[in-house]
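In mature numbering (1 follows the signal peptide of the UniProt record, and there is no 0), the protein residues as written are -28 to -1, 1 to 189.
Comments concern the structure below.
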């Protein structure tokens, strides 16, 4: 995927926390006349905008469906799927992903100041961590306000190899959010371990808030 070259310096600048950025934008909008259209060098950091797009749904839950067709995911496809934007700290958003009665999965998106990080927090029903947990990756590109990609990081590769999951060492995760859809995606390159998983949630119709994810009560 190719991005405008003007986005690239955004990852190298010190960024304000999300709440400070939004407050500054709100104050500017209230105290100044509408500015002239800015050139691309003045555009907002796309990753701050992505976090803001997620944060506007904080506290809400949404139903989804699997749109990929890998046979390995047949069991997930047959169950109710719900994502819950459970908490939105200035630099971190936690989104439990419920599969039927299974509340073991939480997506954790963190603004590290130099990029975004996605981790998967997997828990047992008693709240203890699964053997395969806290894996994920960091953005390698600025992305956009609506899509971010997370190539697997070195720590996760070591975990996968230790747990006999070598097929996962080429994972690339992605998240998308726009006015109507939130999507979570996993891809592996074509080949023996090729993989594609994508679930999409309807943001136009909130559903009843589910119970907390395991380990977060």
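Even for Gly, the Cβ is constructed at its ideal location relative to N, Cα and C.
Candidates the options: closest to residue i by CA position
i, options, result
"residue 33", "186, 181 and 188", "181"
"residue 37", "49, 126, 139 and 183", "49"
"residue 106", "165, 82 and 87", "82"
"residue 163", "85, 140 and 25", "140"
"residue 53", "39, 22, 94 and 62", "39"
"residue 65", "29, 104 and 142", "29"
"residue 57", "133, 138 and 27", "27"
"residue 80", "99, 18 and 59", "59"
Residues bridged to residue i [DSSP beta-bridge criterion]
i, result
"residue 147", "120 and 156"
"residue 70", "54"
"residue 90", "81 and 109"
"residue 95", "101"
Exposed unless 16 or more other CB atoms sit within 10 angstroms - verdict on residue i
i, result
"residue 109", "buried"
"residue 96", "exposed"
"residue 128", "buried"
"residue 20", "buried"
"residue 183", "exposed"
"residue 112", "exposed"
"residue 175", "buried"
"residue 78", "buried"
"residue 167", "buried"
"residue 120", "buried"
"residue 185", "buried"
Endpoints, the alpha helix (DSSP H) within which residue i is located
i, result
"residue 134", "126 to 134"
N- and C-terminal bounds of the beta strand (DSSP E) containing residue i
i, result
"residue 115", "From DSSP, residue 115 is part of no beta strand (DSSP E); its letter is neither H nor E."
"residue 178", "167 to 179"
"residue 110", "107 to 110"
9 Å Cβ cutoff, residue i in contact with chain C
i, result
"residue 24", "Absence of chain C from the displayed structure is noted, only one protein chain being present."
- Item | Any beta strand (DSSP E) of 3 or more consecutive residues that is wholly inside the stretch 16 to 60 | Note on the stretch 16 to 60: whole beta strand (DSSP E) runs with a minimum of 3 residues are 33 to 38 and 53 to 56, in chain order.
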